[in-house]
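Line by line, the protein sequences give chains B and V. Under this note's numbering, the letters of the first sequence match residues 2 to 343, in that order. Under this note's numbering, the letters of the second sequence match residues 8 to 504, in that order. Below: the structure, in structure tokens.
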Amino acid sequence: MSVLTRTPQFHIARLRGRNNEGVLLGIIALLLLLIAMFSPGTLSPAMFADILRSSVVNMALALGVLLIIISGGIDVSFTAIAIFAAYSTVVLMRSIGLDNGILPFLAAAVIGALLGIINAVLVAGFKLQTLIATLGSQGIVRGALLAFVGSVYISSLPSALAQIGDARLTTIGGSAVSVLVIPVILLAVGLAVVLRKTMFGRSIYAIGGAPESARRAGIRVGRVQTVIYIAAGALSGFAGMVHVALVGHASPFELVGTELTVIAAVVIGGASDAGGRGSVQGVALGVVLLALIQNSLVRLGVPGFWHTAVVGVVILLGVAIQAQSRRRRSKRSTILESAVTA
Amino acid sequence: MTDNPVVLRARGIDKSYGGVHALADADLEIRAGEVHCLAGANGSGKSTLIKILSGVEAPDRGEIEIAGTVTSKLSVVGSISHGIQVIYQDLSLFPNLTVAENVAMTTRVAGRARIISITAARELTLTVMKRLELDIDPDALLEELSVAQRQLVAICRAIANDVRVLFMDEPTTALTWNEVGTLFQVVSALKADGVAIVFVSHKTEEVFALSDRITVLRNGKVVAVGGVAEFDRDSLVEALIGRQELEERIVSSDVHDSPVLEVNSISAPGLFAEISFTAHAGEIIGLTGLMGSGRSEVADAIFGIIPFTSGRVAVDGHDIRSGDVASAISAGIAYVPSDRLTQGIFLDQAISRNLVASSISSLANKLGWLRPKAIRAGVDKLIDELSLKVGSPDDPVSSLSGGNQQRVVIGKWLATNPRVLVLNGPTVGVDIGSKAAILQILREKAAQGITVLLISDDVPELVSVCHRVLVVRRGRLVDEIASQNVTVEAVRERSIA
Ligand SMILES: Nc1ncnc2c1ncn2[C@@H]1O[C@H](COP(=O)(O)OP(=O)(O)OP(=O)(O)O)[C@@H](O)[C@H]1O
Ligand SMILES: [Mg+2]
């Protein structure tokens, strides 16, 4: 059999990456090249700093969404959870007079995890379809936030938290890079390791690829789902607090509505809508690509309402590329089978 | 053998799915070091019993005794840690993971691994593959493999574990004779180590070649148990389907002279070369050869799935464009693919819908409106002809037993009236009784003047219906066995040689 002799197609496949990471990198490079050609002035260090800043929150949110999409589900409640966790933490801090830089992030993560339990119960316990379940919990969480926690705009954060939000790691070309980049990178690296190197991580892929096979292999499907929905909740809560710290105010009306962008980043990053596929690297590239596109649209002076349309197009493109590579994979299987003849 | 200790025992197992009584008071006794055949027609409850013994399904009633303890339900992890391993009928692998990860999955679960090592998985895979004399890239994604290779991966996964009872639910349906041979060797080695092997097969020859004891299920009940010496082919068939079923050669003599399907020196590089034959109206032609010989690819090329680079294919004198399925269909070719469970069926859709999916245009009136009564009648007729065991025609195909699913795909094509009917391994996984029914339908189709091309490596089946048998070896047509010479011995000898 000739599978072990590596053909040119094989090397192309490796370059492309299991989740099209290579393709994505290529697109980003191409886009940068276009910007450099048509508007050389914009391609500056400051632009990179901007892109980094607008990517931080999306990246943190995308990590949680990634977990759920790999497991074969979809989550639309994460922005509601994020803003609920962050806003109520700030409200709580103000009412008890707590001023601390680190604690609010932990508190928001814990609140997010608790809200994640709602999704876990609906999906793992009641076996609801994930889209329906998270649509429901999105409504509940948002409603509860406005009804019980409050709807006022909080213009100034407790000072230690505000300081963290303003703290710069470094400046690139006069633009600040927040220290909050660090925890997000650490989380991303940590999650990448969990997904690749732990039985838990591999179980998520197994469940996403073939849930019944996973059950028959002895994987506790419900338990894995429970953990990922809670973990996704915690990541969302944390991301919400990063957002609040960076913008320097707390409003219960923010973040909700950006689900599409985050899901787009995850999907073009190679996570399959059908589950069982996706990587942290891919998601990082997806987030950066979207930020780059949005950044360019702003610089080109394209009106804001077009941005959503562009994000929609990007999602469709991502899904189309995936379908294409799925087809390619199944074609390769006939080629492999026929190689037996030779 | 018969006094070896019992390692696994099921008593009085009952299981229903809705209105379907899948198992009724079934008993099974597995002894160390024996090869035990679980025989039964399609839908008799074999897979269900296996799933209950591996903890995947809970029985409604009954008890399971393993390693001295009696329980009313096993858990999956519990059964794995008791050394029970299963090669499921649908394989139950992970298409999105690599071969190595598929092989290592149950070992990891059983070992309660937390941190995993890709290198260790790869090494485990290579070791097991060496035992089975296989050469599959451990880094390939499972979905890139052929069905036969996937079946081999499932076998590797099962024996990669510390196994005490190995269930094999039709493990050889997609394998070549070579691979089946190696599997048999591995089975004997495991047996010598005291491993109990329970296997399901519809191939009587395989059953007699391999088993020490046989348990026969019919409609969820055990109707016969005993050592292999207590059975012969006839008594086994009688136990399986409650009547005799002979595999005799019945071919009609009225083949028309008019050529229908002309295959003229077609080649596809690396697959097959210079294949030529002519099939006439009313003729059933067998196409055989080892798996991987190119016989399936020839069929794929005739139907336009694989392009041919030279030569021509024509139906009634009209050329078919290379690599163009639409032109093959409009020329009147119908094709039952070999990989039926992924190519031929909508698993979540109703049985009735699947059955009429290919003949739908003939069930509409002139305006294109579907005629529900005609559809219902067509569906009922097919269910009856194929003796499908269904709860209701509106249930999804996924609720059927493996063999009944296969029959739905075949039935879907038998409902059409093509000029040329190409079938790739139509009776794989189908029980003896239904196999005879399918072969009889083929004879009837031929009698109506349809040309049938039957790709198969089931020699008795070829002998039973084919006017002529063509043998493919290494991508070339090497032999043609004319009607008067078609015997089981002749076909077997010339196709293996
Ligand atoms: N999940 C399910 N839902 C509904 N009915 C089911 C389900 N699983 C099995 N059945 C029914 O139980 C009966 C026994 O099925 P089973 O799969 O055990 O048969 P089998 O002996 O393995 O047949 P085959 O040789 O075709 O594989 C069948 O009538 C089938 O339709
Ligand atoms: Mg079965």
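All C-beta atoms, glycine included, are put in the ideal place defined by N, C-alpha and C.
Beta carbon of residue i nearer than 8 Å to that of residue j
i: Ala193 (chain B); j: Val248 (chain B); result: no
i: Val244 (chain V); j: Arg220 (chain V); result: no
i: Leu236 (chain B); j: Thr309 (chain B); result: no
i: Ile439 (chain V); j: Ile291 (chain V); result: no
i: Thr494 (chain V); j: Ala288 (chain V); result: no
i: Val270 (chain V); j: Ser283 (chain V); result: yes
i: Val305 (chain V); j: Arg426 (chain V); result: no
i: Pro102 (chain V); j: Ala114 (chain B); result: no
i: Arg302 (chain V); j: Ile204 (chain V); result: no
i: Asp146 (chain V); j: Thr179 (chain V); result: no
i: Leu477 (chain V); j: Leu278 (chain V); result: no
i: Val267 (chain B); j: Val91 (chain B); result: no
i: Leu297 (chain V); j: Thr183 (chain V); result: yes
i: Val229 (chain V); j: Ala33 (chain V); result: yes
i: Leu33 (chain B); j: Leu44 (chain B); result: yes
As assigned by DSSP and simplified to three states, the class of residue i
i: Cys44 (chain V); result: strand
i: Ala489 (chain V); result: coil
i: Glu500 (chain V); result: helix
i: Asp169 (chain V); result: coil
i: Met298 (chain V); result: coil
i: Lys22 (chain V); result: strand
i: Asn59 (chain B); result: helix
i: Thr211 (chain V); result: helix
i: Tyr230 (chain B); result: helix
i: Leu15 (chain V); result: strand
i: Ser273 (chain B); result: coil
i: Ser334 (chain B); result: With a pLDDT of 44 at Ser334 (chain B), under the threshold of 50, the modelled position of this residue cannot be trusted, and the question is left open.
i: Ser317 (chain V); result: strand
i: Thr494 (chain V); result: coil
i: Arg121 (chain V); result: coil
i: Asp76 (chain B); result: coil
i: Val205 (chain V); result: strand
i: Thr6 (chain B); result: Interpretation of Thr6 (chain B) is limited by its pLDDT of 47, a score under 50 that renders its predicted location unreliable; the figure taken from the coordinates is listed afterwards. In this structure, Thr6 (chain B) counts as coil in the three-state DSSP scheme.
i: Phe306 (chain B); result: helix
i: Gly219 (chain B); result: coil
i: Pro212 (chain B); result: helix
i: His250 (chain B); result: coil
i: Glu36 (chain V); result: strand
i: Asp402 (chain V); result: coil
i: Glu392 (chain V); result: helix
i: Arg164 (chain V); result: helix
i: Val341 (chain B); result: A caution first: Val341 (chain B) carries a pLDDT of 33, below 50, which makes its placement in the model too unreliable to give a value.
i: Thr199 (chain B); result: strand
i: Val397 (chain V); result: coil
i: Gly258 (chain B); result: coil
i: His89 (chain V); result: coil
i: Leu146 (chain B); result: helix
i: Thr179 (chain V); result: coil
i: Ala147 (chain V); result: coil
i: Ile294 (chain B); result: helix
i: Ile71 (chain B); result: helix
Check: residue i C-beta below 7 Å from any heavy atom of ligand 4
i: Gln139 (chain B); result: By its list of ligands, the structure shown excludes ligand 4, since it contains just ligand 1 and ligand 2.
From the options, residue whose alpha carbon lies closest to that of residue i
i: Lys58 (chain V); options: V:Gly432, V:Val42 and V:Asp21; result: V:Asp21
i: Leu152 (chain V); options: V:Leu100, V:Leu190 and V:Ile122; result: V:Leu100
i: Ile352 (chain V); options: V:Gly418, V:Phe310, V:Ser399 and V:Phe315; result: V:Gly418
i: Val223 (chain V); options: V:Val207, V:Asn492 and V:Glu213; result: V:Val207
i: Ile208 (chain B); options: B:Gly302, B:Leu44 and B:Ile70; result: B:Ile70
i: Ile123 (chain V); options: B:Ser204, B:Lys128 and B:Leu146; result: B:Ser204
i: Val116 (chain V); options: V:Val194, V:Ala443, V:Gln92 and V:Ile448; result: V:Gln92
i: Thr80 (chain B); options: B:Glu255, B:Asn120, B:Val185 and B:Gly144; result: B:Glu255
**Request:** Using the beta-carbon of each residue, find all residues closer than 7 Å to any heavy atom of ligand 2 and list them in chain order.
**Result:** Chain-ordered list of matching residues: V:Lys53, V:Ser54, V:Gln96, V:Asp176, V:Glu177, V:Val207, V:Ser408, V:Gly409 and V:Gly410.
**Item:** Minimum length 4: unbroken alpha helix (DSSP H) runs contained in the segment 165-191 of chain B
**Value:** Considered as a whole, the segment 165-191 of chain B harbours no complete run of any alpha helix (DSSP H) with no fewer than 4 residues.
**Request:** Write down every uninterrupted run of the beta strand (DSSP E) in the segment 223-291 of chain V whose length is 3 residues or greater and which is fully enclosed by it, in chain order.
**Result:** If we require 3 residues or more, the beta strand (DSSP E) runs fully inside the segment 223-291 of chain V come out as 228-234, 266-275 and 279-287.
**Request:** Give, in chain order, every unbroken run of the beta strand (DSSP E) that is at least 3 residues long and sits entirely within the segment 323-350 of chain V.
**Result:** 340-343
**Runs of beta strand (DSSP E) wholly within the segment 426-480 of chain V (minimum 3 residues, chain order)** = Every unbroken stretch of the beta strand (DSSP E) spanning 3 or more residues and falling wholly within the segment 426-480 of chain V is given here in chain order: 427-431, 458-462 and 475-480.
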